[in-house]
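Student: Following this message is one structure expressed as structure tokens.
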Amino acid sequence: MTQRSLIDDATTLVLPGLNGSGRGHWQRHWVHDHPAALLVEQDNWTCPDLQHWRQRLEDVIASRGDVWIVAHSLGCLLTANLARSPLAGQVKGALLVAPCDLETTEALHPCVLNFGEMSLDPLPFPSLVVASLDDPYMTFRRVQHVARCWGSHLVDIGPSGHINIKSGHGRWPAAYDLMGLVRSSVLTGRGDQHRHARALGAAYAVPGRH
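What follows is the structure, encoded as structure tokens:
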């Protein structure tokens, strides 16, 4: 899947998590590499408030029409909160990388989050969860449960931390291929699709992490 093939008339909204995605993060590279991508900026990255973050996201979706979503960490939980939004129908698909467990995140960052309860409603749009076996923000067993609740396909990329700069995921071209799965017929069928997605996981891990 080439970068050019990821570009269509729909905007790709890039949604960082807590503290934003700083310089060098793979999400920042995504915006640089793809003219149709837009990072949704929040007024407060350090003390996330679900109501404010969701309002900003919905405002952007309303102004852009159909969109793709590329989310990381808390951005995945923000995306999940679109499940009951009247704008959910404008989301063509979502790549959800390293979703965080809300209780774990609150324990690691006390007195910071105001994100309510973690939404486990089925997502009304195609989605792919990319998970690590040793993510400190969510156990793999937990992410398997969350992916099932969301109705998402799941790719396991092995022990890859929180899939951020600290874990070696600065420029991460494999993310573009993973987004290609969201856009492909892999996510529209039934049967062996979950197994097929898991089998691809090793190919998308960062070299040297295994």
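Using the numbering used here, you'd call the opening residue of the sequence shown number 1161 and step up by one each time.
For glycine and all other residues, C-beta sits at the position ideal for the given N, C-alpha and C.
#1: Would you give the residue range spanned by the alpha helix (DSSP H) that Asp1193 belongs to?
#2: Alpha carbon to alpha carbon, what distance is there between Pro1286 and Tyr1336?
#3: So does Met1298 have its beta carbon nearer than 6 Å to some heavy atom of the ligand PLP?
#4: Please classify Thr1265: does DSSP put it in a helix, a strand, or coil?
#5: Taking only the alpha-carbon atoms, compute the straight-line gap between Thr1284 and Arg1214 and give it to the nearest angstrom.
#6: Give the straight-line distance between the Cα atoms of Val1290 and Leu1198, rounded to the nearest whole angstrom.
#7: Hey, out of Gly1184, His1269, Ile1323, Pro1333, whose CA is closest to Pro1208's CA?
#8: Excluding the five sequence neighbours on either side, which residues of its own chain have a C-beta within less than 6 Å of the C-beta of Val1303, listed in chain order?
#9: Per the DSSP calculation, His1313 is bridged to which residue(s)?
#10: According to the neighbour-count rule (16 or more other Cβ atoms, all chains shown, within 10 Å of its Cβ), is Leu1234 buried or exposed?
#11: Return the residue from the list Gly1180, Val1315, Asp1226, Gly1276 that minimises the CA-CA distance to Gln1211.
#12: DSSP state of Ala1258, grouped into three classes?
#13: Contact check, Arg1331 vs Trp1186 under 8 Å by CB: the rounded distance?
Tutor: From the atom records:
#1: By one-based count along the sequence shown, residue 1193 stands at place 33. Here the alpha helix (DSSP H) through Asp1193 covers 1186 to 1193.
#2: Residue mapping note: residue 1336 aligns to position 176 of the sequence shown, counting from 1. Residue mapping note: residue 1286 aligns to position 126 of the sequence shown, counting from 1. Rounded to whole angstroms, Tyr1336 to Pro1286 spans 16 Å at the Cα level.
#3: Absence of the ligand PLP from the depicted structure is noted, as is the absence of any ligand whatsoever, leaving it without description.
#4: In the sequence shown, residue 1265 corresponds to position 105, counting from 1. Residue state for Thr1265 is assigned as helix, using DSSP reduced to three classes.
#5: As a working mapping, residue 1284 is identified with position 124 in the sequence shown. As a working mapping, residue 1214 is identified with position 54 in the sequence shown. The question names Thr, yet the displayed sequence has Pro at residue 1284. Approximately 17 Å between the Cα atoms of the pair.
#6: The count along the sequence shown starts at 1 and reaches residue 1290 at position 130. The count along the sequence shown starts at 1 and reaches residue 1198 at position 38. If you take the alpha carbons of Val1290 and Leu1198, they lie about 21 Å apart.
#7: Stepping through the sequence shown from its first residue, residue 1208 is reached at position 48. Of Gly1184, His1269, Ile1323, Pro1333, the residue nearest in Cα terms is His1269.
#8: As a first step, residue 1303 must be located in the sequence shown, where it is residue number 143. Excluding positions up to five away in sequence, the list reads Ala1291.
#9: On the sequence shown, position 153 is the one that residue 1313 refers to. In the DSSP output, where bridge partners are listed per residue, His1313 has Leu1288.
#10: Here residue 1234 refers to the residue found at position 74 when the sequence shown is read from its first residue. With 16 or more Cβ atoms within 10 Å of its Cβ, Leu1234 is classed as buried.
#11: As a working mapping, residue 1211 is identified with position 51 in the sequence shown. For Gln1211, the closest alpha carbon among the candidates Gly1180, Val1315, Asp1226, Gly1276 is that of Gly1276.
#12: Counted from its first residue, the sequence shown places residue 1258 at position 98. Taken through DSSP and simplified to helix, strand or coil, Ala1258 comes out as coil.
#13: For the purposes of this step, residue 1331 is identified with residue 171 of the sequence shown, where counting begins at 1. For the purposes of this step, residue 1186 is identified with residue 26 of the sequence shown, where counting begins at 1. Contact holds; Cβ gap of about 6 Å.
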